[in-house]
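Comments concern the structure below.
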Amino acid sequence: QPASVAMTVAADGTGPTIDRDIFGQFAENLGTGIYGGVWVGEDSPIPNVRGIRSDVVQALKELNVPSVRWPGGCFADEYHWRDGVGPRAKRAVTVNGSWGNALEKNDFGTDEFFDFIDQIGAEAYISVNMGSGSVKEAADWLAYMTADRGTTAGAERAANGHPKPYRVKFLGLGNESWSCGGAYTPDYYVDEMKRYARFARNLNLEQQGTDNPAGGSVAGSDPMQRIAVGPGGLDTAYTEAVMKAWKAHDWSWSIEGLSMHNYTWISWPPPFSSIDFGEREYAMLIKDTLKMEEMIRVHSAVMDKYDPDKKVPLVIDEWGVWLAKLPGSKDGFLHQQNSIRDAVIASINLNMFVRHAERVRMTAIAQMVNVLQAMILTDGPKMVLTPTYYLFKMYVPFQNATRLPISFDAGTYRFGEVSVPRIDAIAARGADGKLWIALTNVDPNNAASIDAAVAGIRARKASGTVLTASRVDAVNSYDKPDMVKPQPSAAKVIGGRLKVTLPPKSVTVLSVME
Ligand code: AHR
Numbered sequence: 021q022p023a024s025v026a027m028t029v030a031a032d033g034t035g036p037t038i039d040r041d042i043f044g045q046f047a048e049n050l051g052t053g054i055y056g057g058v059w060v061g062e063d064s065p066i067p068n069v070r071g072i073r074s075d076v077v078q079a080l081k082e083l084n085v086p087s088v089r090w091p092g093g094c095f096a097d098e099y100h101w102r103d104g105v106g107p108r109a110k111r112a113v114t115v116n117g118s119w120g121n122a123l124e125k126n127d128f129g130t131d132e133f134f135d136f137i138d139q140i141g142a143e144a145y146i147s148v149n150m151g152s153g154s155v156k157e158a159a160d161w162l163a164y165m166t167a168d169r170g171t172t173a174g175a176e177r178a179a180n181g182h183p184k185p186y187r188v189k190f191l192g193l194g195n196e197s198w199s200c201g202g203a204y205t206p207d208y209y210v211d212e213m214k215r216y217a218r219f220a221r222n223l224n225l226e227q228q229g230t231d232n233p234a235g236g237s238v239a240g241s242d243p244m245q246r247i248a249v250g251p252g253g254l255d256t257a258y259t260e261a262v263m264k265a266w267k268a269h270d271w272s273w274s275i276e277g278l279s280m281h282n283y284t285w286i287s288w289p290p291p292f293s294s295i296d297f298g299e300r301e302y303a304m305l306i307k308d309t310l311k312m313e314e315m316i317r318v319h320s321a322v323m324d325k326y327d328p329d330k331k332v333p334l335v336i337d338e339w340g341v342w343l344a345k346l347p348g349s350k351d352g353f354l355h356q357q358n359s360i361r362d363a364v365i366a367s368i369n370l371n372m373f374v375r376h377a378e379r380v381r382m383t384a385i386a387q388m389v390n391v392l393q394a395m396i397l398t399d400g401p402k403m404v405l406t407p408t409y410y411l412f413k414m415y416v417p418f419q420n421a422t423r424l425p426i427s428f429d430a431g432t433y434r435f436g437e438v439s440v441p442r443i444d445a446i447a448a449r450g451a452d453g454k455l456w457i458a459l460t461n462v463d464p465n466n467a468a469s470i471d472a473a474v475a476g477i478r479a480r481k482a483s484g485t486v487l488t489a490s491r492v493d494a495v496n497s498y499d500k501p502d503m504v505k506p507q508p509s510a511a512k513v514i515g516g517r518l519k520v521t522l523p524p525k526s527v528t529v530l531s532v533m534e
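Quick note, full-length UniProt numbering runs 20 ahead of the 1-based positions in the sequence shown.
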């Protein structure tokens, strides 16, 4: 008999909007994340549209991906955008020094990136090169992307096939500048950041902020958001320096986001395997994931000090499970499998972001295809959707939903030294008007029986899906792509109460109808 868990959902309550940007993705020029995973080239036998593989695009469209961060990561600080525009045959061939010294033929550059995000219906999050580039290089790139075709930069873009300016919704001002992005001290970073924030301008009138080139105060209808480098651990030095500067900013520059990176990895280099593991590794990585809560709490407290009205979002633009590379895969390609464990971990992370939705308004999981905690794995023409892909698909109804109060007795899952909450849950009023509940049972051995009061509505019916597997290390492979796939949930409403049994190591997403 599964243990019973009492729960109350305030369907008539209210809360902040769960910004759909929380479900963003990161796609770096790294390993086969882009080359092979997204880009196969126009002459490939793999079905593609202008070189971008159609199976991957089709799958990503179903996730309603809000934004894609590109070209890095560490690679962004060695990327020179001019290498990747114009006729492909004439593009520079360079070396990806950050990731395995792979040959970078620059076939996938700015115009290919915008074609890709257009095909999947996402917005652009461009990271400019603050490490080995210059303010002028970044400003020129912005001009190429956003200026009217009447300018020289816009005319060059038009000559490359894109007369209309692109939309750059988010601009990353460097990446991990405390490490691979230049190892800057916080104060040095802040001085540089101000120059980039001032001069790397979006020239698309709709996307200009109050610091437009005329120095006036007329903001466009949809201003670009500039995201400063923030913390990658519990050290608050960058958070302090950037937020202190933000508080004192004048009309000439600003930022509209502070980045934070946090991976689930136990220690460096990541010791755990993505395949053939047991309950110990499962339990330890679940525990390691919970450090995200402390990261958000510690850095939000610093942000609150300078920005009590929460104007600046905390942008967690790198998160996910970072495991040892798959045997036989190349060094520096960060290629790993993806199991039911990773989907459970993604749900725990997303639930934390939702609980902090007032401050956490954008994130990007690392990374979209073939790299780290990927949605999709490819091998030549083969493609497989991972458990994390299905988890993201199940969470689509939470995009731009209104968070609702939910309370429950989480209980405890124990293994050896590990002791973590057994049940996790969030509730929201979807943009579709429906009540949505996500329920995670972390315990890999025991089911849990949920008995939920749904306050404020006369609940009559519930339906949804559940993602689970028989083993903690269950994965989808090219041979067996359906090992971890959502199945219909047997949730019921009896006497106005929601009743559902959560299988061990599972995530269930339900809509409850009146
Ligand atoms: O996601 C892989 C790498 O992790 C990124 O390039 C870097 O920013 C981080 O250290």
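Each residue gets a CB set at the ideal place from its N, CA and C atoms; glycine is no exception. Here the structure is a predicted model, which means the values were calculated and not measured.
Asked, Found
"Using 6 Å as the cut-off, classify the Cβ of N195 as near or not near the heavy atoms of the ligand AHR, replying yes or no.", "yes"
"Can you have a look at Q419 and say buried or exposed, based on whether 16 or more other CB atoms are within 10 angstroms of its CB?", "buried"
"Quick check: the region 493 to 504 against the region 438 to 449, are there 3 or more CB pairs under 8 Å?", "no"
"Are the beta-carbon atoms of F292 and E299 separated by less than 7 Å?", "no"
"Using DSSP with H/G/I as helix, E/B as strand and the rest coil, what is L459?", "strand"
"Contact defined as beta carbons within less than 8 Å: I believe W342 pairs with Y283. What is the distance between those atoms, to the nearest angstrom?", "4 Å"
"Cβ atoms of K413 and Y326: under 7 Å apart, would you say?", "no"
"Which class does D127 belong to by DSSP, given the choice of helix, strand or coil?", "coil"
"Just verifying my parser: in three-state terms, what is the DSSP assignment at L405?", "strand"
"How is the beta strand (DSSP E) around F297 delimited, first residue to last?", "Where F297 is concerned, there is no enclosing beta strand (DSSP E), given that its DSSP letter is neither H nor E."
"List the residues that DSSP assigns as beta-bridge partners of L522.", "A468"
"Please list the terminal residues of the continuous beta strand (DSSP E) segment that includes G340.", "L334 to V341"
"My output table needs one value for S147: the three-state DSSP class, helix, strand or coil.", "strand"
"Can you name the residues that DSSP bridges to A384?", "G44"
"Could you check the C-alpha separation between P523 and A430 for me, to the nearest Å?", "15 Å"
"Hey, would you say the C-beta of A386 is under 6 Å away from at least one heavy atom of the ligand AHR?", "yes"
"Any heavy atom of the ligand AHR closer than 6 Å to the CB of G202?", "no"
"If you run the structure through DSSP and keep just helix, strand and coil, what is T52?", "coil"
"Out of curiosity, what's the CA-to-CA distance linking S439 and F373?", "21 Å"
"Taking buried to mean at least 16 other C-beta atoms within 10 Å of its own C-beta, is V113 buried or exposed?", "exposed"
"For the beta strand (DSSP E) containing H281, name the first residue and the last one.", "G277 to T284"
"For the region 178 to 240, which segments carrying the beta strand (DSSP E) assignment without a break, of at least 3 residues, lie completely within its bounds, in sequence order?", "190 to 193"
"When you compare only the Cα positions, how much space is there between P233 and M304?", "Note that P233 scores 48 on pLDDT, short of 50, meaning its location in the model is unreliable; the coordinates nonetheless yield the value given after this. Rounded to whole angstroms, P233 to M304 spans 51 Å at the Cα level."
"How about A384 and G44: do their beta carbons lie closer than 7 Å?", "yes"
"Closer than 8 Å is the cut-off here; do at least three beta carbon pairs connect the region 394 to 402 with the region 480 to 494?", "no"
"Can you give me the Cβ contacts of N180 inside the same chain, cut-off strictly under 8 Å, excluding the 5 residues immediately before and after it?", "V105, G106 and D131"
"Tell me the residue span of the alpha helix (DSSP H) that contains I365.", "I360 to R375"
"Would N465 be called buried (16 or more neighbouring beta carbons within 10 Å of its own) or exposed?", "exposed"
"Could you have a look at F435 and say whether DSSP puts it in helix, strand or coil?", "strand"
"If you run the structure through DSSP and keep just helix, strand and coil, what is G484?", "strand"
"So, helix, strand or coil for D308, using DSSP?", "helix"
"Can you tell me the Cα-Cα spacing of I295 and Q356, whole angstroms?", "8 Å"
"Would you say the beta carbon of G92 is closer than 6 Å to some non-hydrogen atom of the ligand AHR?", "yes"
"So, for F353: in the same chain, excluding its five sequence neighbours on each side, which residues have a beta-carbon less than 6 Å away from its beta-carbon?", "G51 and G120"
"Per DSSP, M27 forms a beta bridge with which residues?", "F428 and A472"
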